[in-house]
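Trainee: Let me give you the structure first, and then I'll get to my questions.
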Amino acid sequence: MNRAQELSEALSIIREKFPWEGPRLGKDPFFGLLGVVLSQHTSDRMAEAAEKNLEAKYPSIEKLAAASCEELARIIRPAGMQNQKACTIQRLAWLELQRSFTTWARSVSWQDARALLVSVGGVGEKTADVFCMVYLDAPVVPVDVHVRRVSMRLGMTSSPSYASVQRAIHALVPSDLRKQMHLSMIRFGREICTSRAPKCSTCPVNAYCDYYVQNVPHSQA
Ligand code: SF4
């Protein structure tokens, strides 16, 4: 096996052994997008709590757009980073209200939709990619902290930049498997390839992992 084949094999094992359906995202793409914003840098449980608060208090886009950032921040406090997220949500509400963003997004290429989304202050590449993957069926692997860590440790790329990590994964994973790959890498990163004390000795892909060879002494025995 050459190196690309080894890494493909490692990713296939992760995909097969760590299936995950992902966090619950509603059918409505606009409120789903808000859910993605709320989920940044917090647990699924806290993001869901903030989302429920938001939907109960501001059930329509008009009400959201009319709310102040301060009001929104108070409501979404469980999700953390509430001031920044509140202003992002308000900007998205205006985008939806004035330009029917989510309807427009389905009428253009996902790349165009992504480009507009990342131009909104507070919306990063990962948030835009999750929206495009879930609601526009875009063949992208959003790069979160787990996806980046697993990719770097396996040795898929030496650069931690968003684009480098994503490019490395896309080169190895066919379009129709990328969504599952994203979800499986997150589960694998949470359960096995954890930030601290990864479970390398029992990891099912340690035979293909650069980190294992370089950092776990008995791996070379
Ligand atoms: S061997 Fe260790 S570092 Fe490598 S993928 Fe497995 S858990 Fe992560």
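Residues 1 to 221 (the numbering used here) make up the sequence shown, in order. All C-beta atoms, glycine included, are put in the ideal place defined by N, C-alpha and C. Treat the numbers as computed from the prediction; the structure is a model and nothing was measured.
Considering only residues of the stretch 93–125, which uninterrupted beta strand (DSSP E) runs meet the minimum length of 3 residues and lie entirely inside it, listed in chain order?
Mentor: The qualifying runs do not exist here; there are none.
Trainee: With respect to 8 Å, is the separation between the Cβ of arginine 15 and the closest non-hydrogen atom of the ligand SF4 below this value?
Mentor: The answer is no for arginine 15.
Trainee: According to the Cβ coordinates, are glycine 22 and isoleucine 186 closer than 9 Å?
Mentor: It is a contact, given that the beta carbons lie within the stated cut-off.
Trainee: Assuming leucine 116 and isoleucine 89 make a contact with CB atoms under 8 Å, what is their CB distance in whole Å?
Mentor: Leucine 116 to isoleucine 89, Cβ: 16 Å. No contact.
Trainee: Quick one: what does DSSP say arginine 77 is sitting in, helix, strand or coil?
Mentor: Helix at arginine 77.
Trainee: Assuming contact is defined by CB atoms lying nearer than 9 Å, are aspartate 176 and proline 139 in contact in what I supplied?
Mentor: Yes, the Cβ-Cβ distance between aspartate 176 and proline 139 is below 9 Å.
Trainee: Please find out if some non-hydrogen atom of the ligand GDP comes closer than 8 Å to the beta-carbon of arginine 196.
Mentor: Inclusion of the ligand GDP in the displayed structure is not the case, the ligand content consisting of the ligand SF4 alone.
Trainee: By Cβ distance, which residues of its chain are closer than 7 Å to histidine 146, with the 5 residues on each side in sequence left out?
Mentor: Counting only Cβ-Cβ distances below 7 Å, and skipping sequence neighbours, we find Met185, Ile186, Gly189, Arg190.
Trainee: State buried or exposed for arginine 148, treating a residue as buried only when at least 16 other CB atoms are found within 10 Å of its CB.
Mentor: Arginine 148 comes out buried.
Trainee: Could you give the C-beta distance for phenylalanine 30 and glutamate 125, rounded to a whole number, given that I count them as a contact under 8 Å?
Mentor: So it is not a contact: roughly 20 Å between Cβ atoms.
Trainee: Drop a sphere of 10 angstroms on the beta-carbon of proline 19, count the other beta-carbons inside from all chains shown, and report buried for 16 or more, exposed for fewer.
Mentor: It counts as exposed.
Trainee: Using the three-state DSSP reduction, which class does alanine 221 fall into: helix, strand or coil?
Mentor: Residue confidence is low: alanine 221 scores 46 on pLDDT, short of 50, so the model does not pin down where it sits. No coordinate-derived value is stated.
Trainee: Is proline 174 buried or exposed, if buried means 16 or more other CB atoms sit within 10 Å of its CB?
Mentor: Proline 174 comes out exposed.
Trainee: If I'm right that arginine 106 touches alanine 128 with Cβ under 8 Å, what's the distance once you round it to whole angstroms?
Mentor: The pair is not a contact, with the Cβ atoms about 15 Å apart (cut-off 8 Å).
Trainee: In the DSSP assignment, find the alpha helix (DSSP H) that holds glutamate 62 and state where it starts and stops.
Mentor: Here the alpha helix (DSSP H) through glutamate 62 covers 61–66.
Trainee: Buried or exposed for threonine 102, please, with buried defined as at least 16 other CB atoms from any protein chain shown within 10 angstroms of its CB.
Mentor: Result: buried.
Trainee: Skipping 5 residues on each side, what residues in its chain have a beta carbon closer than 8 Å to that of isoleucine 61?
Mentor: Result list for isoleucine 61: Phe30, Ala93, Glu96, Leu97, in chain order.
Trainee: For glutamate 55, which of Arg45, Gly32, Gln40 has the nearest alpha-carbon?
Mentor: Among Arg45, Gly32, Gln40, the Cα nearest to that of glutamate 55 is on Gly32.
Trainee: Got a sec? Which residues, its chain only, sit under 6 Å from valine 216 by beta carbon, not counting five neighbours each side?
Mentor: Excluding sequence neighbours, valine 216 sits near Cys200.
Trainee: Using beta-carbon positions only, say whether isoleucine 75 and alanine 50 come within less than 9 Å of one another.
Mentor: Cβ distance < 9 Å, so isoleucine 75 and alanine 50 count as in contact.
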